[in-house]
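Asks: Sequence lines, in order, name chains A and B. Each residue of the first sequence is one higher than the last, beginning at 355 in the numbering used here. Each residue of the second sequence is one higher than the last, beginning at 355 in the numbering used here.
Protein chains: 2
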Amino acid sequence: MYTLAKPTTTFLDAVLTPGELKKLSCDELAHLAAEIRQEIVHALAKTGGHLASNLGVVEITIALHKVFETPRDHILWDVGHQAYVHKMLTGRRHRFDTLRQFKGLNGFVSPSESEHDAFVAGHSSTSISLAVGMALARDHFGEDRKVVAVIGDGGLTGGMALEAINHLGHIQKGVVIILNDNEMSISENLGGISQYMKRIKETFFYKDIKQKIDFIEEHLDEARLNPAVWQLIEMVKKEAKDRFDTPGIVFEKLGINYSGPIDGHDVKAVVQALEAVKDKTTPQLLHIITQKGKGYGPAEADSIKYHGVPAFALEPALTEKSEPVTAGKPKAKTYSDVFTEALIDVAAFEPDLVAITPATAEGSGLVKFSKVYPERFFDVAICEQHAVTMAAGMAKCGLKPVVSIYSTFLQRAMDQVIHDVAIMNLPVLFGIDRGGLVEDGETHQGVYDISYLRAIPNFTVLAPRDAVELRNMVFTAVKEGAGPVAIRFPRDKAVSASELEQLKERLGPVKSFSPVPCCKWEVLEPGDGKNIILAYGSMVEIARRALPAMAGEYGVSPMLVYARSAKPMDENLLKDLLGRSQARIVTLEEGVMAGGFGAGVMEFASQLRFQDPCRRLADVSVIALPDQFIEHGARPILLDMVGLSEAALTRKLGPFFTAC
Amino acid sequence: MYTLAKPTTTFLDAVLTPGELKKLSCDELAHLAAEIRQEIVHALAKTGGHLASNLGVVEITIALHKVFETPRDHILWDVGHQAYVHKMLTGRRHRFDTLRQFKGLNGFVSPSESEHDAFVAGHSSTSISLAVGMALARDHFGEDRKVVAVIGDGGLTGGMALEAINHLGHIQKGVVIILNDNEMSISENLGGISQYMKRIKETFFYKDIKQKIDFIEEHLDEARLNPAVWQLIEMVKKEAKDRFDTPGIVFEKLGINYSGPIDGHDVKAVVQALEAVKDKTTPQLLHIITQKGKGYGPAEADSIKYHGVPAFALEPALTEKSEPVTAGKPKAKTYSDVFTEALIDVAAFEPDLVAITPATAEGSGLVKFSKVYPERFFDVAICEQHAVTMAAGMAKCGLKPVVSIYSTFLQRAMDQVIHDVAIMNLPVLFGIDRGGLVEDGETHQGVYDISYLRAIPNFTVLAPRDAVELRNMVFTAVKEGAGPVAIRFPRDKAVSASELEQLKERLGPVKSFSPVPCCKWEVLEPGDGKNIILAYGSMVEIARRALPAMAGEYGVSPMLVYARSAKPMDENLLKDLLGRSQARIVTLEEGVMAGGFGAGVMEFASQLRFQDPCRRLADVSVIALPDQFIEHGARPILLDMVGLSEAALTRKLGPFFTAC
């Protein structure tokens, strides 16, 4: 079915706008679906992207555009990574070869890209809240538009989606919720709700009870009953029907009208179901069953692996065993790998260590940990808030919880970090993955963590310069366990990963650990001692690589300091450096400037002034991310764009250090 | 029943420990409950505090201590303001006259106060997540303790509580959830879940269907049916019973065993219900109906007014009409009052303005708005996340949403502020109440907002110096509506409130508005131009009052600048001031130092250096909150403790400005 040659796309070629799609019959739409599926596999084989989830929503997307009218009607794609088909059908098909590339098509929905994208999405579980807001606005203005939220069963585990359902059930506004149920979120989907959904599909109690009552009736017919009994039987039947003729009783009880479940790969069925709920003025939930990876063998068989894929080999002989092309080469270890392996090795001698993830076990590599220590691994679904507070409860009772979480998602648990972890000063370790710039773009940039964690009392905020440091930081944080510790690392190959491998081979997994002096910084290059670079985390290596060019092109040899901790500061070293009144200190970090590492250095300097008001201190200048949302694109491109690449730093610091 | 004389407390005097309580019979416990109720009213008449909610949980608390064994067993009080009875019964009765005073009893649960307080609480909806974490730890260690979460129907609307229930339903650990259902959270409780709970109490469908089936059976008896029909009828009855003989079907479907509802003011019934679930190793939800304010007429009649009370008059003749004693005097207007009145007045000519609150309509004064514009007022229950994203959806569709929220609660929606409001650059106005220090203590300090909002692109972050400014900022933000704006104000009487009243009287509510140049700062006192104070928001007035003492005691007359915005900076003015190379600039703010207003000033200075590396700039020193959690106590006491009072500033700045 899949070939390297571009597939034929007769119907797809004819559908340049949603308006043209509307003219097709349901049979033709089914053909269109098949073509789209081929085109997606073909396109993603080159660019990479979210394969399985998009193959799952082909028919739903077609049906939505058949029944609804964007941009007048608002379709809100929860998370937004399953909108490829939507993008193809709304004028962006010709740009698919640029998907997720710098300046190319965004991998998520993006109103700046098309008026058919009603709102930005990238994080989970926001769509119903948005829909509620939009429906209230519509009714306020007396408009006619429909508001549709498309949310997965994974997104439904997120607390804010449940808050929104609860509110919608109360206000009874006309919103259509499409529950795209593929029985998994990014990780395996967990929780009572998903099990409940599963039961919905397995047994329809009403059908049972109805059959039985029908049977009773049949026999009663022979039994010449008095009319009162007949009436009662009718009432029981009606009540049973009214109250239980729905597998979605939980939703019904919350005030949301449930219909379904229906087959999400039957275009006609989906179109009919949408037509049935479209004009309702009360909340509607349409439960649609889909299969992730539908139509592409390998992705059907392993939709987790094919959730997000790099460019992959596309061959006619492609089978379930096929691997993304990168799998052939020896894979460079990422910081995520190093983190997970460190956890596994520490867990061997720390029996009370447990690992927690909010549905990102695959992305963070934690799935390996779960294989080795299944009973000490907790995937709580897309519930960052619950994950953090649960960890606090565990720590209070003597466990050593490690929360593995992406920087961008930890934003959702900031209150829990403050209120439940930090106030109690509990030893919870946060492994903050994807800290810094990521290719996914503005919704996913992990650039606020340094700032907001530094503001919280009791926190230690670390960032390793390389793989060895990351491993030892994990070890040290778990061993010392004095209070909350955050270790942030970028989404990238780990610096010095091969040295780490050699170390582990030589000394074994346990002896290769050595404690890190977490709040001491390290002078890596003494330099001239007057021009001073304080680099945090990922910036250490980039700055180190810039030194030769600074020396060669500008004749300057700055001191380079590896700042392990953004909090606490290495006060002794800083006092020394700030005391060099003629020195210029420059701080580097891969995070927003406001309140970041550099701000911390300046805050410290400002306090020294109160101690010794007449003393002149060295000037501090901060290099960090600009105050804007950063688009998508490969990390090296983005780093250069914002001035944090080796070359950009040389260009900026050479003249600065040599100016006077 | 209530007198100024201390009530007799025969039983309460005998119960010094939970162990002694266990010896009492259920009848004796009922007497104890009556005594506790009197003592609470009596104590709170002097100190103020959360009256109604504590009167509601007297019997529940007694029963919990009768059946469970703290501190071995963990009782987690959600929100924590309803733990007064618990405190009385765990050795803290003699300290009740210090309730909520500086260095006195905390108004919330606090493990630093007693080993019987299993965890800190202050924010809503955390208890089930904590319980899940503690139960997992218990089972990991093979311990025998029970874990009990006591949560209100209000707390249950919070997303993270729903996340936790979902997870608990999946992992099936032994946790007892006490649902204390008084049909309201702080505000009137909203949402599908609460309506569902109400229906549970109104109709038990099963009883209905059972009666009808029984009736059918009776008549069928005459009808000589064949045995197969009989069998089927029995099956229908059994299935109906199994599946629907529970008003808690929603919980059951999510994997939580439901029992109840039971009368929460019948000690014996509560004790028996607790005994029944105590030793279960699966999740249990016990639904208990209570009445807020139970036993105290005025509080029963108006539990919202008596949610949190100041000290009040306690008279034998106290009736439903009694008011807290403060009500007699002309009440000084708070910033909350000024904010709400401004909203009401702007709403008169801005028909698209809507106000949103996450269950804090009373505390924030927004209830007045809801009376004038009920159709433009949205209380979404304790759902900060949903509130913010719903507002984003509204703004996208042309409404002008204003989110009124406490600083400490906005932490829970930080991700939504970034992901749904700021990325889209939507004109949502955040009225951030209780920004700065509050008497409630560490869980409620509103001290992070300046830092984390300043880090977010597209945001304007304002703080008024007085009532007139606050009013005009609201007006300006709504009129201009260019992007997200935060206006933070303290929990206190508003400076210049009477001037504002005169202004409104003279010009009328509409003409009294005038636009504010939001990003221009104002030089209030030119001073010597060398010693410069940049004060943000609430610190302006405090600094202004400190000027005479600085002049008198130290002979220094600093310039005083009112910094309206922490973001953006007033770049022109700052360039001028920073350019005075011999000047000393001191920044003042009522927030954490890390990343706050002062950090912003230094970040700006550090960027000027890159433009002109050889220029010497004025030094900047930051005065802000220390890096620690701040305890409870009256705001003036706390401000002085942290060095932000008039006197403390004089003592610090006088010597600093005159040092050399």
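Here a beta-carbon is modelled for each residue, glycine too, at the ideal position from N, C-alpha and C.
#1: If we call anything under 8 Å between Cβ atoms a contact, is B:G509 one with B:I759?
#2: According to DSSP, is B:K420 helix, strand or coil?
#3: Answer yes or no: do A:R454 and A:H986 have a C-beta to C-beta separation smaller than 8 Å?
#4: 8 Å is my cut-off, CB to CB: does A:A814 come that close to chain B?
#5: What did DSSP end up calling B:L753 once you bin it into helix, strand or coil?
#6: How many angstroms separate the CA atom of A:G410 from the CA atom of A:K632?
#7: Using beta carbons (cut-off 8 Å, strictly below), is A:L516 in contact with chain B?
#8: Flag B:L490 as yes if its beta-carbon sits less than 8 Å from any beta-carbon of chain A, otherwise no.
#9: Pick helix, strand or coil for B:K360, following the three-state DSSP scheme.
#10: Mind pulling the chain A residues with CB within less than 8 Å of B:F731?
#11: Which bits of chain B does A:Y689 rub up against, with CB to CB less than 7 Å?
#12: Which full runs of the beta strand (DSSP E) of 3+ residues lie inside the segment 927-959 of chain A, going along the chain?
#13: Determine the direct distance from the alpha carbon of A:I390 to that of A:C380, and round the result to whole angstroms.
#14: What residue from B:V757, B:T743 and B:K648 has the CA that sits closest to B:F723's CA?
#15: How many angstroms separate the CA atom of B:V421 from the CA atom of B:P615?
#16: What does B:L753 reach in chain A if we use C-beta pairs closer than 7 Å?
#17: Give a yes or no on whether 8 Å exceeds the smallest Cβ distance from A:T363 to chain B.
#18: Find the nearest neighbour of B:A397 within the set B:E823, B:P980, B:R730 and B:R449, judged by alpha-carbon distance.
#19: Under 8 Å, CB to CB, which of the residues in the segment 968-984 of chain A have a partner in chain B?
#20: Would A:N611 count as contacting chain B if we go by Cβ distances under 8 Å?
#21: Do three or more CB pairs link the segment 716-730 of chain A to the segment 885-896 of chain A at distances below 8 Å?
#22: Against chain B, does A:R766 count as a neighbour if the rule is that its beta carbon must be under 8 Å from one of theirs?
#23: What did DSSP end up calling B:H641 once you bin it into helix, strand or coil?
#24: As a quick exercise: from A:D774, A:I531, A:Q526 and A:L490, pick the residue whose alpha carbon is nearest that of A:I482.
#25: In angstroms with no decimal places, state the Cα-to-Cα distance between A:Q799 and A:S919.
#26: Along the segment 610-629 of chain A, where does the CB come closer than 8 Å to a CB of chain B? Name the residues.
#27: Below 7 Å on C-beta distance, what does A:R808 contact in chain B?
#28: Would you call the segment 924-938 of chain B and the segment 967-976 of chain B touching, i.e. three or more CB-CB distances under 8 Å?
#29: Name the DSSP bridge partner or partners of B:Y806?
#30: Who pairs with B:Y612 in a beta bridge, going by DSSP?
#31: Please state whether DSSP places B:V815 in a helix, a strand or coil.
#32: Taking 8 Å as the threshold (C-beta atoms), are A:A696 and A:F829 in contact?
#33: 8 Å is my cut-off, CB to CB: does A:G954 come that close to chain B?
#34: Tell me which residue opens and which closes the alpha helix (DSSP H) that B:H385 is part of.
#35: In this structure, how does DSSP classify B:S1017 when only helix, strand and coil are distinguished?
#36: Checking contacts by CB at 8 Å: is B:M778 closer than that to chain A?
Replies: Reading from the atomic positions:
#1: No, the pair does not count as a contact, with Cβ atoms beyond the cut-off.
#2: In this structure, B:K420 counts as helix in the three-state DSSP scheme.
#3: Their beta carbons are under 8 Å apart, which means A:R454 touches A:H986 by this criterion.
#4: In the sequence under discussion, the amino acid at residue 814 of chain A is Thr, which differs from the Ala named in the question. Not a single C-beta of chain B is nearer than 8 Å to the C-beta of A:T814.
#5: Note: B:L753 maps to coil in three-state DSSP.
#6: When rounded, the distance between both Cα atoms is 22 Å.
#7: By this cut-off, A:L516 is an interface position.
#8: Interface residue, yes.
#9: In the structure shown, B:K360 sits in coil (DSSP, three-state: anything other than H, G, I, E or B).
#10: What B:F731 touches in chain A: nothing, since even the nearest Cβ is about 11 Å away.
#11: Listed along chain B, no residue sits closer than 7 Å to A:Y689 by beta-carbon distance, the nearest being about 23 Å off.
#12: Taken in chain order, the complete beta strand (DSSP E) segments of 3 residues or longer contained in the segment 927-959 of chain A are 938-946.
#13: Rounded to the nearest whole angstrom, the C-alpha separation of A:C380 and A:I390 is 15 Å.
#14: Here the closest residue by C-alpha is B:V757.
#15: Going from the Cα of B:V421 to the Cα of B:P615 covers about 19 Å.
#16: Going along chain A in sequence order, the residues near B:L753 (Cβ under 7 Å) are A491 and H494.
#17: False, the Cβ-Cβ gap to chain B never drops below 8 Å.
#18: Nearest C-alpha to B:A397 among B:E823, B:P980, B:R730 and B:R449: B:R449.
#19: Of all residues in the segment 968-984 of chain A, only C968, L971, D973, V974, S975, V976, D981, Q982 and F983 place a beta-carbon less than 8 Å from a beta-carbon of chain B.
#20: Not one chain B Cβ lies under 8 Å of A:N611.
#21: Touching, no, given that fewer than three Cβ pairs across the two stretches are closer than 8 Å.
#22: Cβ-Cβ to chain B under 8 Å: yes for A:R766.
#23: Strand, per DSSP.
#24: Checking every option, the nearest Cα to that of A:I482 belongs to A:I531.
#25: Distance between the alpha carbons of A:Q799 and A:S919: 21 Å.
#26: Going along the segment 610-629 of chain A in chain order, one finds I610 with a Cβ nearer than 8 Å to chain B.
#27: Neighbours of A:R808 across chain B, judged by C-beta separation under 7 Å: A948 and G949.
#28: The segment 924-938 of chain B is in contact with the segment 967-976 of chain B.
#29: Under DSSP, B:Y806 shares a beta bridge with no residue.
#30: Beta-bridge partners of B:Y612 (DSSP): B:L639.
#31: B:V815: strand per DSSP, three-state reduction.
#32: The answer is yes: Cβ separation under 8 Å.
#33: At least one beta carbon of chain B lies nearer than 8 Å to the beta carbon of A:G954.
#34: Residues C380 to T401.
#35: The question about residue 1017 of chain B has no answer here: the residues shown for chain B are numbered 355 through 1014.
#36: Yes, because at least one Cβ of chain A sits closer than 8 Å to the Cβ of B:M778.
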